[in-house]
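Have a look at the structure below, then the notes.
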Amino acid sequence: MEKDIGRIKKSDTTDVVIRVDDFGGKPGVTIREFVTTERYTGFTKQGTRIPAEKWDEFKDLVNKVKFEE
């Protein structure tokens with residue numbers, strides 16, 4: 025099971041892709057960079073995977089991020 029949730033454009037050649045998957049039989053969320061260049065198109069090694077059981081904890085931390093104006 026792999027389901028892309030969405031993409032964020034990082035640069036002209038790089039997107040950050042968020043997807044739900046079950047890598048190794050364990051569900052989770054993968055956040056990886058995807059590049060499109062003349063030499064290579066595909067996922068890079070840059071990124072991380074959040075196991076499903078840690079997802080709520082991760083969301084809580086992200087929601088605490090505040091940018092000073």
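Position one of the sequence shown corresponds to residue 25 (our numbering), numbered consecutively onward.
Using N, Cα and C, we set each Cβ at its ideal position, and we do this for glycine too.
Asked: Cβ pair count under 8 Å reaching 3, the region 61-71 against the region 86-93; Found: no
Asked: Alpha-carbon to alpha-carbon, R31 and M25; Found: 18 Å
Asked: Pairwise C-alpha distance: R73 and W79; Found: 10 Å
Asked: Inter-residue CB distance, R43 and K27 (contact presumed, cutoff 8 Å); Found: 6 Å
Asked: Under 7 Å between C-beta atoms of D46 and T54; Found: no
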